[in-house]
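Below: the structure, in structure tokens.
Protein chains in written order, with the working numbering: chain A, 17 to 379; chain B, 172 to 627.
Given below as structure tokens:
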């Protein structure tokens, strides 16, 4: 598990994650209890293979995006999801695609790929081309697919949390049975509007799952330098939102936790806050020199906690042939190369597109 | 001598009220804290509490009396065993102006529209239409109620919009008709609820987000601009955001700098937003209905000082006005006065004064600040060749600046004089009554600017 170094010395590390509550009707810790009882999702081999393919697609896609950035084909900000793949796949695989909505911040490529959105149009958006999912007008941080109920792709740190509260309000208002999965980072977790949203979501019993993707660094600032409470799952307590602490480097654990959280929300019991401990291998964005951590720290994560390698090992332990897994990787590399070709060859937007989509109506 | 009990001002903008009920009778003994009367304003019914002890002497204003001006002596409070005294004839010592006297008939509020300045009818109103005099706040409420009846996706959220019936009573009665699911009281958390409203619009609903005043929307401006205004463009037209942000904007009365600001120019500078700032009741109703129906995010700027003013609203089912169209409030040939929101009332007043001096002014109400009806301004300029912009707001980077730029760029050949702007003074709005008055625009300043461009 991608543990924060600061936590290993923490005196409460040894204490149970579940503290007794003096409020017997209060469910703050019940979800963690339920999760602890059965921490890993009992995936079939077929499911494990699907997770493996999906995580690998994100990994290879992001590696390619990094290359294209280096070639000058992608500009501006580009935040890669490498290392965090198990979070999006574990959570989104448990969603009801017809009903539920997802919203996230600017590190959004992985969440879109997890939805099965065509890698071509995502990559073409990164290269700023006409065929991009936002017609080349949004770029890396601003991608949406309303068809898939994926609501972005937001560049202002923490804004997606309040917007996600609104999506949840719409689910409740329309009584459509859906929930909103709202992702944000450990950096966004210190924004005031996150807590404004916690308050209203709990007050109004909104169907929303708040997910802190704690990748240990808010840009270059480690959580221990930015956050008085680094165990983010506790931060819903004052709003009576139950918290869950999950190893975000294990897709089966993430999926098991998702099942517990989503069930709670779907039963009309209000929001859940999940802390997913994970690690990003690359810099905050492409322009990050990563001087705030050592190479050894990154290497340690890669060597011992990588979510894809972990699942690969499990598949092999279950009897899967390594050659078959390599063939999957090869096919994915080919798929990503095709997306890159598409993104490079797609034309830039017409100059007339400059003036479209500013307003929907004409006045 | 007894103590004069005067009609209290129960809000910063209250000028008069109704003495609804006396809860004490002449001769009753009064303790501090006793409720002695109920006073109704256009916003609320309030209790009038005694500060001093004594015996209630003569009641000077009977219950049920309407339009009792603030400061009017309504009763006398006598000390124990004191002779009944008449109210002092001298004006209130605390006010620099004479205390208002009770008027038997409804008195026009200062700077309210005068009947002589009858607004020109909107083109969309057919001949023979009847009108109902309606306060602006009720016209806004009616617009919301009608749209909520017509479209179940429409709902209202904001601070005190439901159980309190609206901080300025604009949402009065909506909770009763539509229930708490569609009229949602929020905590005091502007950034958060503006985000939730915006997200709900992205999710397919049609939220009306009320800010108690637009001053508080500064806490939420990130969602208005970054989330609501830009997402349609950034998503290549995929993700719409049909939300209305509405509430009072501009200076109220004696609430000082943090609560007195016109955000029209701020929002009007943002591509992706529609910005509406109506003046009268008919426009408030017709344009708010249009705003709610729009597929685009709308910032709808009202004005607290105008809420209580009544104007004719046409008795037309589903009265919806076009967004982006200015209105000629008064035809004239010598000079054009362009304004919006509360400035329109002052512009009309100025036009009356100018008429008395032989200057025939045309008054244009922009109504929509973005997109701006440039053609209406340029057409009027081509007719009068002289133009003044009257704006209750700061001069720098204002709507006035924008109109002047427009006249330079596209109307230069029609100009017989430089365009002048009449704006508030370029200072944070002061609290002191005299300083506040000095800082805000008025009809007199508009008159003098109009004369200047007419070289009169």
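Note that CB positions come from ideal geometry on N, CA and C, so glycine has one too.
**Asked** Given that residue 385 of chain A touches chain B, what residues does it touch there, using C-beta distances under 8 angstroms?
**Response** With chain A covering only 17 through 379, there is no way to say anything about residue 385 of chain A.
**Request:** For residue 568 of chain B, I'd like the list of residues in its chain whose CB is within less than 7 angstroms of its CB, leaving aside the five on either flank, ordered along the chain.
**Result:** 436
**Asked** Just how far apart, CA to CA, sit residue 439 of chain B and residue 193 of chain A?
**Response** 39 angstroms
**Request:** Taking 8 angstroms as the threshold, find out whether the region 179 to 198 of chain A comes into contact with the region 360 to 375 of chain B through three or more Cβ pairs.
**Result:** yes
**Prompt:** From residue 235 of chain B to residue 279 of chain A, what does the alpha carbon distance come to, in whole angstroms?
**Reply:** 59 angstroms
**Message:** Please report the straight-line C-alpha distance between residue 490 of chain B and residue 317 of chain B, rounded to a whole angstrom.
**Reply:** 10 angstroms
**Partner residues on chain A for residue 467 of chain B, Cβ-Cβ distance less than 7 angstroms** = 375, 376 and 377
**Prompt:** Which stretch, first to last residue, makes up the alpha helix (DSSP H) that contains residue 578 of chain B?
**Reply:** 570 to 581
**Asked** Taking C-beta to C-beta, are residue 405 of chain B and residue 182 of chain A nearer than 9 angstroms?
**Response** no
**Message:** Please list the terminal residues of the continuous alpha helix (DSSP H) segment that includes residue 330 of chain A.
**Reply:** 323 to 333
**Message:** Applying the 10 Å Cβ sphere with the 16-neighbour rule, what's the burial state of residue 609 of chain B?
**Reply:** exposed
**Asked** How many angstroms separate the CA atom of residue 575 of chain B from the CA atom of residue 355 of chain B?
**Response** 42 angstroms
**Item:** beta-carbon residue 71 of chain A near the ligand ZN non-hydrogen atom, thresh 8 angstroms
**Value:** Within the structure as shown, the ligand ZN is missing, as the structure has no ligands at all.
**Request:** Express the C-alpha separation of residue 276 of chain A and residue 50 of chain A in angstroms, rounding to a whole number.
**Result:** 7 angstroms
**Asked** In the structure shown, what three-state DSSP assignment does residue 85 of chain A receive?
**Response** helix
**Request:** Mind checking the region 371 to 388 of chain B against chain A and listing, in chain order, the residues whose C-beta falls within less than 9 angstroms of any C-beta there?
**Result:** 371, 372, 373, 374, 375, 376 and 378
**Prompt:** Can you tell which of B:366, B:309, B:322 and B:524 has the C-alpha that lies nearest to the C-alpha of residue 341 of chain B?
**Reply:** B:309
**Item:** DSSP state of residue 297 of chain A mapped onto helix, strand, coil
**Value:** coil
**Request:** Assign residue 367 of chain A to one of three DSSP states: helix, strand, or coil.
**Result:** helix
**Request:** Can you check DSSP and say which residues form a bridge with residue 233 of chain A?
**Result:** A:238
**Request:** For the alpha helix (DSSP H) holding residue 347 of chain B, just list the boundary residues, first then last.
**Result:** 345 to 349
**Message:** For chain B, check one thing: does any of its Cβ atoms lie closer than 9 angstroms to the Cβ of residue 184 of chain A?
**Reply:** yes
**Prompt:** Whole-angstrom Cβ separation of residue 443 of chain B and residue 177 of chain A, contact assumed at under 8 angstroms?
**Reply:** Wrong, their Cβ atoms sit about 22 angstroms apart, outside the cutoff.
**Request:** With DSSP collapsed to three states, give me the class of residue 208 of chain B.
**Result:** strand
**Asked** At a CB-CB cut-off below 7 angstroms, which residues of chain A make contact with residue 420 of chain B?
**Response** Correct list: empty, because the minimum Cβ distance to chain A is about 20 angstroms.
**Request:** Under the assumption that residue 200 of chain A contacts residue 121 of chain A (Cβ atoms under 8 angstroms), give the Cβ distance between them as a whole number of angstroms.
**Result:** 6 angstroms
**Request:** Identify, in the order they occur along the chain, each residue of the same chain with its Cβ nearer than 8 angstroms to the Cβ of residue 256 of chain B, setting aside the five sequence neighbours on each side.
**Result:** Residue placement at residue 256 of chain B is poorly supported in this model, since its pLDDT is 42, which falls under 50; the coordinates still yield a value, given next. Within the same chain, residue 256 of chain B has close Cβ partners 172, 173, 228, 247 and 249.
**Item:** Limits of the unbroken beta strand (DSSP E) element including residue 307 of chain B
**Value:** That residue, residue 307 of chain B, is in no beta strand (DSSP E); its alpha helix (DSSP H) goes 307 to 321.
**Request:** For the beta strand (DSSP E) containing residue 144 of chain B, list its first residue and its last residue.
**Result:** This structure cannot settle anything about residue 144 of chain B, because the visible part of chain B is limited to 172 through 627.
**Message:** Taking CB distances under 9 angstroms as the criterion, tell me whether residue 393 of chain B reaches chain A.
**Reply:** yes
**Request:** Quick one: which unbroken alpha helix (DSSP H) runs of 4-plus residues sit fully inside the region 187 to 274 of chain A? Chain order, please.
**Result:** 208 to 219 and 239 to 242
**Asked** Between the C-alpha atoms of residue 159 of chain A and residue 91 of chain A, what's the straight-line distance to the nearest angstrom?
**Response** 15 angstroms
**Message:** So with CB distances below 8 angstroms, who are the chain A contacts of residue 498 of chain B?
**Reply:** By Cβ distance, chain A contributes nothing, its closest Cβ being about 15 angstroms from residue 498 of chain B, past 8 angstroms.
**Request:** Out of A:305, A:88, A:264 and A:191, point me to the one whose CA is closest to residue 237 of chain A's CA.
**Result:** A:305
**Request:** Tell me, please, whether the CB atom of residue 21 of chain A is closer than 9 angstroms to any CB atom in chain B?
**Result:** Annotation note: pLDDT 43 at residue 21 of chain A (below 50); position unreliable, no value reported.
**Item:** Contact list for residue 495 of chain B against chain A, beta-carbon separation under 9 angstroms
**Value:** 378 and 379
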